[in-house]
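A.B. asks:
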Amino acid sequence: MRTCQSHLFSVETECEYINSEVFIILLPALEETLRKAKIWEALVRQKCFFNGIDHIAQVLWNNNPRYPGRKFQSPHIFNMPWAREHLKNNPRPYYPKSWLWPEEYAATLIQKTVRQYFVQRQDDVQEMRDFWRKLKLEQSIPELDTNPFLSRRFASTSNFQKN
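If you're matching positions, the sequence shown starts at 1 in UniProt numbering and goes up one per residue.
Pasting the structure below:
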């Protein structure tokens, strides 16, 4: 396992926390999910009954160290109370989109999403997005035009709530 090396105390603390608390639980869940995916041949077939995200959620729920009693019950993801409630309010479609899309379209969509993510991370793009967000917020507050104190105070704040 790779550990974080940094000269800042807070970053070392965060990395130590991730290494000692998160990865201890997450890595075995990911390994078990990969084993199940191999059994179901999910890495070979495009259309497979096995859902890796559901399985990771199920393993993490059942192996939560704060609730040791769940380990012995080991319910399926669809029998968990929070999952039942969520699916009652937000039912899943019969087929996942990955089954309905042709492989070329899915690849194009993934590439588009990854490119969009890396472009939106750029500093100049972030600055432009912040500008438009702040302009939209200014236009939604009509008192800024009539109240000079409020407009000065608003202009001096560099941090504002992002939607």
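Glycine included, every Cβ here is placed at the ideal spot set by N, Cα and C.
1. Should His86 go down as buried or exposed, given a rule of 16 or more other Cβ atoms within 10 Å for buried?
2. Please check the pair Val59 and Glu32, which I expect to be a contact at CB under 8 Å, by giving their CB distance rounded to whole angstroms.
3. Taking DSSP as the reference, what is the three-state secondary structure of Pro28?
4. If Ala37 and Gly52 are in contact, beta carbons under 8 Å, what's the gap, nearest whole angstrom?
5. Given a cut-off of 8 Å, decide if Asn62 and Arg70 are closer than it, judged by their beta-carbon atoms.
6. Can you give the Cα-Cα distance for Glu138 and Leu144, rounded to whole angstroms?
C.D. replies: Judging by the given coordinates:
1. Position 86 of the sequence shown, counting from 1, holds the residue named residue 86. It counts as exposed.
2. Here residue 59 refers to the residue found at position 59 when the sequence shown is read from its first residue. Here residue 32 refers to the residue found at position 32 when the sequence shown is read from its first residue. Confirmed, about 6 Å.
3. Residue 28 sits at position 28 when you count from the first residue of the sequence shown. Three-state result, Pro28: helix.
4. As a first step, residue 37 must be located in the sequence shown, where it is residue number 37. As a first step, residue 52 must be located in the sequence shown, where it is residue number 52. 6 Å between Cβ atoms; contact.
5. Indexing the sequence shown from 1 puts residue 70 at position 70. Indexing the sequence shown from 1 puts residue 62 at position 62. Yes.
6. The residue given as residue 138 occupies position 138 in the sequence shown. The residue given as residue 144 occupies position 144 in the sequence shown. Answer to the nearest angstrom: the Cα atoms are 7 Å apart.
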